[in-house]
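Numbering (our numbering), first residue to last: 5 to 104.
These notes are about the structure you will find just below.
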């Protein structure tokens, strides 16, 4: 979002192009990551990620953002464990769609 703010500030001067380009690259990366995750989830299992995986990735994000030294590397085992446990979810026995 900071690139959107910077592009809005640079727009009166006609310098918003590079900021919008970088914002587009970030959105492209986010869409690619979401596609990668959705390919690994079972069919009709929107949002089915185990609690264990969510907690491990959350711990990894907290460590990665709070640590300022080489201790950031401590987040890697948590992130790897979180990504490896994504597929360990139990799908529901019955699915009811919104259009019956």
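For every residue, glycine included, the Cβ atom is placed at its ideal position computed from N, Cα and C.
On a predicted model such as this, the values are computed, not experimentally measured, just so you know.
Taking Cβ to Cβ, would you say residue i is nearer than 7 Å to residue j?
i          : j          : result
residue 38 : residue 89 : no
residue 85 : residue 67 : no
residue 93 : residue 42 : no
Which same chain residues end up closer than 6 Å to residue i when comparing Cβ atoms and leaving out the 5 residues on each side of it in sequence?
i          : result
residue 63 : 82
residue 10 : 23
How long is the line joining the alpha carbons of residue i and residue j, rounded to whole angstroms?
i          : j          : result
residue 97 : residue 52 : 13 Å
residue 35 : residue 7  : 17 Å
residue 13 : residue 19 : 9 Å
residue 95 : residue 61 : 21 Å
residue 32 : residue 17 : 26 Å
Ignore the nearest five residues each way along the sequence and tell me which others in residue i's own chain have a CB closer than 8 Å to its CB.
i          : result
residue 44 : 90, 91
residue 76 : 67, 68
Using a Cβ-Cβ distance under 7 Å, would residue i count as near chain C?
i          : result
residue 61 : Within the model displayed, chain C is absent; a lone protein chain is all it includes.
inquiry  = Does the structure place the region 26 to 37 close enough to the region 71 to 78 that three or more beta carbon pairs sit under 8 Å?
reply    = No, they do not touch.
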